[in-house]
Amino acid sequence: MNAINNIIIDGMSFALPLFIMAIGGIYSEKSGVTNLALEGLQGMGAFVGALVAYNLVLKMGPDSRVPYYMAMLFAMIGGAVYSMLHAFLCINLKANQVISGVVINILGMALTSFLTKTINRNFYGAASDKFDLGVSARFTVPGLSKIPVLGAFFTSVYPFEVIIIVIAFIAWYFLYRTAFGLRLRACGDNPHAVDAAGGNVAATRFIAVMVSGALSGLAGMCFAYSISAKFSNDIYMGYGYLAIAGYIFGNWNLLPSLAACLIFGFAKSGGYQLVKALGMPSAYSDLVMTLPYVVTLFLLIFLSKRNQAPKALGEIYDKSKR
Amino acid sequence: MRKNKNALMIAVISVLASLLVGAVVILILGKNPLSAYYNLLQGCGLAPKAKYAGGKSMLTDFSSYVDFWTPMIFAALSCAVAMKAGLFNIGISGQMLVAGFITTATIGYSTIPGIVAKPLAVLIGAFCGMLVGGLIGYLKYKFNINEVVSSIMLNYIASYMISFFIQTRYIDPLSRQSKPISDAARLTFHQIRIGGYKYDLPIGFILAIIAACVIKFIFDKTVLGFELKAVGLNRTAANYAGIRVGRSIVTSMAISGFLAGIAGVTYYLGYFASIQPRTLISTGYDAIAVCLLGSSDPFGILIASFLIEIISKGSTYMSSQAGLESEIASVITGLILLASACNAFFLAKYEGRKRKEA
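See below:
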């Protein structure tokens, strides 16, 4: 019983950040910009957020809740600002979008690890390659958590999970229920039509990429506050790519993508509980770590054929071709 | 020819601009950028150090640098073969690791004499890399899986699986790495003493030069190369022309994996003699920078890899001498990569202006 509870609790706290990152990816790709940069964007967001939180904790003491929420906010800002580089390369400089995404990832990783060390040495006088944050506090909903099995969804919840669910709803509303969302989706399928109807393809795509940056930054911060309890290079564990696999598997739609992320989350937490239950030595946890990736590969094998990417995905928009 | 010249010019400008940005960062940190860059050269044996330990000289450092340079040539060639066919092999690090590990486990710990073990190591490594690369190509062709996503997944799967095997079977409890391989299997003659000084002589370097020439020949003179390039330029057009696109995709990824495999053995059984568990090396990613900078041309890659490897190999010495974090090297590499990603744009701009003038 307890094991099932743990699977649900850990699985949710891993799946939801993946999901919010996948939503960002959907925004960007629905607008026609391939976004392999999620990995770098979440890392850069987490770096900015962690730096802010680390400073605030020094000023306000470890008991204040302000640093936590400020970290979330600044992670989103950091991710959005860094994603402007990807948008600029893809939209204004007409660079190859796949290459640009990979460049953003490599540069992000190099920059954050360099800056973390340099800032630690020059401002805090410590030779350290990380910012310690500690694990976020959790809460349990009274009453609801007493329901058998399902109660685990309301037990030991990270506050960021609530934030993510709220933002996910807002993101869904904007994408499917507003004129802006319609135009954004049209940019990915038929940018020439958008242009003919008086919409601004470049601006819409730019905003979509920035949304993906902000949401990825938030996700990165959540990982920093839960799995790693610090900001360091450990943040680059390929979660960005898992999120990409998630929305490809979800056929660029929100709800199926959520299902994919939940599968990754439960595969991971379920594997850990299995290793624990069977009392296997710690080296076996390496085998478990492969589970989300193996599951992803197999899901992609079964589902990629029927999936339909946005029609103009990855194409550079050229007005003169209209 | 004219196009090559422009590409070269823009590559040079990319590097200079990146070095300039790096210099500004170093200045802000209150260090002297010129001496820091000079430290890079010293670390690679391209400039004399103030003093050397016994048995070492500038040539010792340089031979060690060539040893370090070799895997990068293979890795960048691997990236180039995929890129010519319009594919993006970001799984080079994973393919290197698989090749390195399987070769280490089979040849590295055996008692086969060196004359047999060394060629066998190269062959097994290349074969393993080819299998992984071919698998990625096959997944793309058969199931339409984006090669970037599948190779990243395989990277992590390989990294964790191999870490598991190393930690349960081959771990050296002192160094926390896999046990060192036998000297017979090692592809570098490590610390060979010639005329009073020690050198590291990599066998792989000769192979790397040959590989660069062969790849150049394949792309410029053979049907296979022509087909791969046609697929890379326009898949639909290639299909109409009767080229079997699916087969070309698998072939190019297999060749790419083949080269990545050799990169893996020259790295794990050459420059190093052991494998660190749970670590994917950055060579596979830096190879993309090298490949873009060398505009996917084998000879361009030789020059570009020489340059990028100075930055990454020299950074250790620079870090100890100038008191800068060695990560500044990967930042500069990242900036070069960023600049090369915009190359197409600047090239088009530049050529457009030339045309207007003419």
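Residue numbers (the numbering used here), protein chains in the order written: chain A, 1 to 322; chain B, 323 to 680. Note that the Cβ used here is the ideal one computed from N, Cα and C, for glycine as well. Computed from a predicted model, the values in this text were never measured in an experiment.
Which of helix, strand or coil does DSSP assign to residue i?
| i | result |
| --- | --- |
| B:P495 | coil |
| A:R306 | coil |
| B:K520 | strand |
| A:F131 | strand |
| B:F594 | coil |
| A:I227 | coil |
| B:T558 | helix |
| B:R515 | strand |
| A:F180 | helix |
| A:V157 | strand |
| A:F14 | helix |
| B:F410 | coil |
| B:M323 | Low confidence applies to B:M323: its pLDDT is 49, below 50, so where it sits in the model is not reliable, and the reading given next is rough at best. The answer is coil: DSSP assigns B:M323 none of H, G, I, E or B. |
| B:T510 | strand |
| A:S31 | coil |
Roughly how many whole angstroms lie between the Cα atoms of residue i and residue j?
| i | j | result |
| --- | --- | --- |
| A:G319 | A:V211 | Checking the sequence, you will find Lys at residue 319 of chain A rather than Gly. Distance between the alpha carbons of A:K319 and A:V211: 24 angstroms. |
| A:F123 | A:A219 | 27 angstroms |
| B:I414 | A:L85 | 25 angstroms |
| B:N477 | A:V98 | 18 angstroms |
| B:I732 | B:I610 | The displayed coordinates of chain B run from 323 to 680. Any statement about residue 732 of chain B would go beyond what the structure contains. |
| B:M475 | A:V294 | 7 angstroms |
| A:K94 | B:P370 | 44 angstroms |
| A:G198 | A:L254 | 28 angstroms |
| B:T601 | B:P441 | 26 angstroms |
| A:I9 | A:V149 | 11 angstroms |
| A:V33 | B:F384 | 44 angstroms |
| B:N328 | B:A402 | 19 angstroms |
| A:L303 | A:A309 | 12 angstroms |
| A:V81 | B:S574 | 37 angstroms |
| A:V162 | A:Y173 | 17 angstroms |
| A:Y54 | A:N120 | 11 angstroms |
| B:R499 | B:R677 | Sequence inspection shows Gln at residue 499 of chain B; the Arg mentioned does not correspond to that position. Whole-angstrom Cα-Cα distance: 58 angstroms. |
| B:Y360 | A:S228 | 38 angstroms |
| B:G422 | B:A439 | 14 angstroms |
| B:Q598 | A:S31 | 41 angstroms |
| A:I7 | A:L58 | 34 angstroms |
| A:D129 | A:K117 | 5 angstroms |
| A:M188 | B:G656 | A small correction: the amino acid at residue 188 of chain A is Gly; Met does not occupy that position in the sequence shown. Computed Cα separation, rounded: 29 angstroms. |
| B:M640 | A:M109 | 20 angstroms |
Note down, in chain order, each residue of its chain lying with its Cβ closer than 6 angstroms to the Cβ of residue i, except the 5 sequence neighbours on either side.
| i | result |
| --- | --- |
| B:M323 | Unreliable placement is indicated for B:M323, whose pLDDT of 49 sits below 50; the coordinate value is still reported in the next sentence. Cβ neighbours of B:M323 beyond the five flanking positions: none. |
| B:N561 | V567 |
| A:V141 | F154 |
| B:I537 | L399, P620 |
| A:S145 | G151, F154, T155 |
| B:F486 | none |
| A:F323 | The question about residue 323 of chain A has no answer, for chain A in this structure spans 1 to 322. |
Using a Cβ-Cβ cut-off of 8 angstroms (strictly less than) and excluding sequence neighbours within five positions of residue i, which residues of its own chain qualify?
| i | result |
| --- | --- |
| B:P393 | M418, G526, A585, G586, T588, Y589, G592, Y593, T605 |
| B:A286 | The first residue shown for chain B is 323 and the last is 680, placing residue 286 of chain B beyond what the model contains. |
| B:I658 | S336, V337, S340, A611, L615, I630 |
| A:V66 | L56, M60 |
| B:I571 | A407, L409, G459, K462, Y463, V553 |
| B:F628 | W391 |
For residue i, collect the residues of the same chain with a Cβ closer than 7 angstroms to its Cβ; drop the 5 residues on either side in sequence, then sort them by chain order.
| i | result |
| --- | --- |
| A:A193 | A186 |
Can you say whether residue i is buried or exposed, counting buried as having 16 or more other CB atoms within 10 angstroms of its CB?
| i | result |
| --- | --- |
| B:V346 | exposed |
| B:E673 | exposed |
| B:D494 | exposed |
| A:Y272 | buried |
| A:Q42 | buried |
| B:G376 | exposed |
| A:P191 | buried |
| A:S282 | exposed |
| B:S642 | exposed |
| A:S323 | What the structure shows of chain A is the stretch from 1 to 322, and residue 323 of chain A is not part of that stretch, so it cannot be assessed. |
| B:S497 | exposed |
| A:F325 | The question about residue 325 of chain A has no answer here: the residues shown for chain A are numbered 1 through 322. |
| A:F14 | buried |
Contact the segment 44-55 of chain A vs the segment 217-236 of chain A: 3+ CB pairs below 8 angstroms | yes
Determine, using beta-carbon pairs with one atom in the segment 87-107 of chain A and one in the segment 657-664 of chain B, whether at least three such pairs fall under 8 angstroms.
-> yes
Anything in the segment 638-649 of chain B with a Cβ closer than 8 angstroms to a Cβ of chain C? List those residues in chain order, please.
-> Protein chains in the displayed structure are A and B, and chain C is not among them.
For the segment 61-77 of chain A against the segment 238-248 of chain A, are there 3 or more C-beta pairs whose distance is under 8 angstroms?
-> no
So, do the segment 349-364 of chain B and the segment 126-140 of chain A have three or more beta carbon pairs nearer to each other than 8 angstroms?
-> no
Stretch pair the segment 25-33 of chain A + the segment 258-273 of chain A: three plus CB contacts closer than 8 angstroms | no
Taking 8 angstroms as the threshold, find out whether the segment 430-441 of chain B comes into contact with the segment 502-517 of chain B through three or more Cβ pairs.
-> yes
Evaluate contact between the segment 226-238 of chain A and the segment 101-118 of chain A, counting only Cβ atoms and requiring at least three cross-stretch pairs below 8 angstroms.
-> yes
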